[in-house]
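Quick note: to get the working numbering, add 781 to the position in the sequence shown (first position is 1).
Here's the structure we're looking at; comments come further down.
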Amino acid sequence: MSLPFAAQSSPLEILRTVFGYDRFRGAQAEIVDHLIAGGDALVLMPTGGGKSLCYQLPTLCRPGVGVVVSPLIALMQDQVSALRQLGIKAAALNSTLSYGEQVDVERQMRGGDIDIVYVAPERLMTDAFLTQLERCDIALFAIDEAHCVSQWGHDFRPEYLQLATLHQRFPNVPRIALTATADGPTRREIVEKLHLEQGRQFVAGFDRPNIRYRVAAKGSSARSQLLHFIKNDHAGDAGIIYRLSRAKVDETAAWLREQGLDALPYHAGLDKTVRAANQDRFLKEEGVIIVATIAFGMGIDKPNVRFVAHLDLPKSLEAYYQETGRAGRDGLPADAWMVYGMQDVARLRQMVEGSEAGEAQKRLEHRKLDALLGFCETTRCRRQVLLEYFSDACEPCGNCDTCLEPVESFDGSVAAQKALSCVYRTGQRFGAGHLIDVLMGAETERITALGHDKLSTWGIGREFGKEEWRSIFRQLVAAGLLRVDIAGHGGLALTEACRAVLRGEQPIRLRRDAVKKKSAGRGARGVRALAADADEALFQALRTLRLELAREQGVPPYVIFHDSTLLDMARDRPGSLEELSQFSGVGRAKLEKYGESFLEVISLFEG
Ligand code: ADP
Ligand code: ZN
782 MSLPFAAQSS PLEILRTVFG YDRFRGAQAE IVDHLIAGGD ALVLMPTGGG
832 KSLCYQLPTL CRPGVGVVVS PLIALMQDQV SALRQLGIKA AALNSTLSYG
882 EQVDVERQMR GGDIDIVYVA PERLMTDAFL TQLERCDIAL FAIDEAHCVS
932 QWGHDFRPEY LQLATLHQRF PNVPRIALTA TADGPTRREI VEKLHLEQGR
982 QFVAGFDRPN IRYRVAAKGS SARSQLLHFI KNDHAGDAGI IYRLSRAKVD
1032 ETAAWLREQG LDALPYHAGL DKTVRAANQD RFLKEEGVII VATIAFGMGI
1082 DKPNVRFVAH LDLPKSLEAY YQETGRAGRD GLPADAWMVY GMQDVARLRQ
1132 MVEGSEAGEA QKRLEHRKLD ALLGFCETTR CRRQVLLEYF SDACEPCGNC
1182 DTCLEPVESF DGSVAAQKAL SCVYRTGQRF GAGHLIDVLM GAETERITAL
1232 GHDKLSTWGI GREFGKEEWR SIFRQLVAAG LLRVDIAGHG GLALTEACRA
1282 VLRGEQPIRL RRDAVKKKSA GRGARGVRAL AADADEALFQ ALRTLRLELA
1332 REQGVPPYVI FHDSTLLDMA RDRPGSLEEL SQFSGVGRAK LEKYGESFLE
1382 VISLFEG
């Protein structure tokens, strides 16, 4: 009978001895108690909030095997490796197992020899497997990535709908559904589709305080801005760079490699083995940068991703939040860095217009884009804007670019009128480049040929430079006063909304930022900078040891110890197993397995 850890231990004792953590985070304790008592739950927590523990720990406290449904095989393997490091008996049942191995796992489940099993939904819901389950003791069902049940979301998995029948077939087994991405409607859909009406909902705040948000305008070379950012703030750190298209991914990755960075591409067009190898290197080595389309990320739970960079705008704030959320799961400082320009806005508008979606859907997507642009152009605390979008709130955070370097704004009414008139006078079909030439009174061939030097708006904008005008046009587009020609020639046209501004009835404030600043402000501190507080040489030595141990076992280094645990060791230099056992992330099993090796390295740095 499997009551491996729990016979007499309280959840808190298990948290300390098995997981090596001092205390529960946020609602974890409540959720764990609720599940142990047999209740159902829906848990909404941001990425890195500590969802896994919410089902792993109760599983250890209840008799029988915990069955975890997860859509991602890659993620399963990681979780299983991590649990085994803690001395927990875990297994994954998926298509990568041979028939023999499968039968073996099922036998162990019946015998009560497995604590936690991860299963893909399509396998779980086969009759054969459900029949097997009826012959086992089941501690609980955990449904990870529960938003996959939503037909309206982008991660919809039809197999998830069938999970509803678990409740009928195993009415006495508690169920917990977990997700990081669910707005109100999605949450209601999860409850309904999974029959969680009787369960409790635990909704944690959306804030990720350790992530520093930074957004800047694209200068003449976005990739140089990126390179500067990485070299300055994140040398040697692992990070993810998002691009919109496969071609851009390949191009950016190749260029970064030429610059001497360890960057690898990842997108659906790559050969499967190449893709898997690149992901593997990202997970198992230190300091690898992945350049990817959005195909990359779901199911990546590498905790020490130190930055997420966007070189193209994401589709919405939801997407932005989800993608940037992959940074800093370990709670250490991390950067969400983005540069964008007017072309990005045009491209996204065009994608919405050109899609097969109906009118209502298109309107919705345009609105989402507006919200994203509002976030980009804001002069307020970015975290506030982001959280308000998710119906959450916070004080000005002190950890975003606008808080750290307040943005100067100015009364842009006259500038806006000049720009808008110029668009009107030239016939609403030219791009920003030509319009700026007209405003600044240039005498290009094109201007003379078109007779634009005869217009009343020619030369009325000499008070600003080119870059400043670029920024103004971009802000007018972002504010919905100008529309980028959807047909794709980049021409700007007036919108209904600009009337009031043109008539001088509506003042408009513009930010002055993009003008002088090329970068996006100061970065969060990379791991090297953090290590400087401790002892950098010792930290590197501990990392090397960790990498060796990981390689021996073919697991990612972070399942052995997190960077945060190594930083603590480098700073406080424990001298005995007893002392080491007090460190966060050092449980019984890891202490036994690795304690001596790490103490050995630390002792070399004595005095
Ligand atoms: P999520 O699935 O919500 O994104 P995880 O379950 O992967 O997050 O947890 C994020 C990180 O936080 C993990 O590395 C985990 O070990 C750590 N963690 C979870 N709970 C605690 C806790 N109570 N104390 C310290 N660290 C924790
Ligand atoms: Zn802020």
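In this text, a Cβ means the ideal position worked out from N, Cα and C, and glycines have one as well.
Does the beta carbon of residue i fall short of 8 Å from some heavy atom of the ligand ZN?
| i | result |
| --- | --- |
| residue 1415 | Within the shown structure, residues of the chain are numbered from 782 to 1388, placing residue 1415 beyond reach of any answer. |
| residue 1183 | yes |
| residue 1179 | yes |
| residue 994 | yes |
| residue 1124 | no |
Going by DSSP in three states, residue i sits in which element: helix, strand or coil?
| i | result |
| --- | --- |
| residue 798 | helix |
| residue 848 | strand |
| residue 1383 | helix |
| residue 1364 | coil |
| residue 1094 | coil |
| residue 1345 | helix |
| residue 1049 | coil |
| residue 1301 | The predicted model places residue 1301 with a pLDDT of 49, which falls under 50 and marks its position as unreliable, so this point remains unresolved. |
| residue 977 | coil |
| residue 790 | coil |
| residue 874 | strand |
| residue 919 | strand |
| residue 897 | strand |
| residue 1291 | strand |
| residue 1203 | helix |
| residue 1184 | helix |
| residue 1044 | strand |
| residue 1250 | helix |
| residue 1013 | helix |
| residue 1237 | coil |
| residue 863 | helix |
| residue 1082 | coil |
| residue 1350 | helix |
| residue 939 | helix |
| residue 1378 | helix |
| residue 966 | helix |
| residue 1245 | coil |
Report yes if the C-beta of residue i is less than 8 Å from at least one heavy atom of the ligand NAD; otherwise report no.
| i | result |
| --- | --- |
| residue 1097 | Among the ligands modelled here, namely the ligand ADP and the ligand ZN, the ligand NAD does not occur. |
Is residue i near the ligand ADP, going by C-beta to nearest heavy atom under 8 Å?
| i | result |
| --- | --- |
| residue 796 | yes |
| residue 1113 | no |
| residue 1052 | no |
| residue 1229 | no |
| residue 1312 | no |
| residue 1024 | no |
| residue 902 | no |
| residue 857 | no |
| residue 1091 | no |
If you follow the alpha helix (DSSP H) that residue i is part of, which residue opens it and which one closes it?
| i | result |
| --- | --- |
| residue 1130 | 1123 to 1135 |
| residue 1055 | 1053 to 1065 |
| residue 1101 | 1098 to 1105 |
| residue 816 | 809 to 817 |
| residue 1339 | First-last for residue 1339: undefined, no H or E at that position. |
| residue 843 | Residue 843 -> no alpha helix (DSSP H), and no H or E assigned at all. |
| residue 890 | 880 to 891 |
| residue 1032 | 1027 to 1039 |
| residue 1153 | 1140 to 1158 |
| residue 1218 | 1213 to 1220 |
| residue 1230 | 1226 to 1231 |
| residue 1166 | 1163 to 1170 |
Looking at the unbroken beta strand (DSSP E) that takes in residue i, where does it start and where does it end?
| i | result |
| --- | --- |
| residue 1020 | 1019 to 1023 |
| residue 1071 | 1070 to 1073 |
| residue 1190 | 1190 to 1192 |
So what does residue i bridge to, in DSSP terms?
| i | result |
| --- | --- |
| residue 982 | 823 |
| residue 1116 | 993, 1088 |
| residue 924 | 850, 958 |
| residue 838 | Residue 838 pairs with nothing; no bridge assigned. |
| residue 998 | 1121 |
| residue 1275 | 1263 |
Could you work out which residue in the options is closest to residue i when comparing CA atoms only?
| i | options | result |
| --- | --- | --- |
| residue 980 | 1162, 955, 992 | 955 |
| residue 842 | 865, 830, 799 | 799 |
| residue 1038 | 1347, 1057, 1069, 1051 | 1069 |
| residue 848 | 1373, 859, 947, 880 | 947 |
| residue 999 | 988, 1125, 1083 | 1125 |
| residue 1160 | 1289, 1114, 1116, 1146 | 1289 |
| residue 910 | 950, 806, 1186, 929 | 950 |
| residue 1035 | 1004, 1341, 1237 | 1004 |
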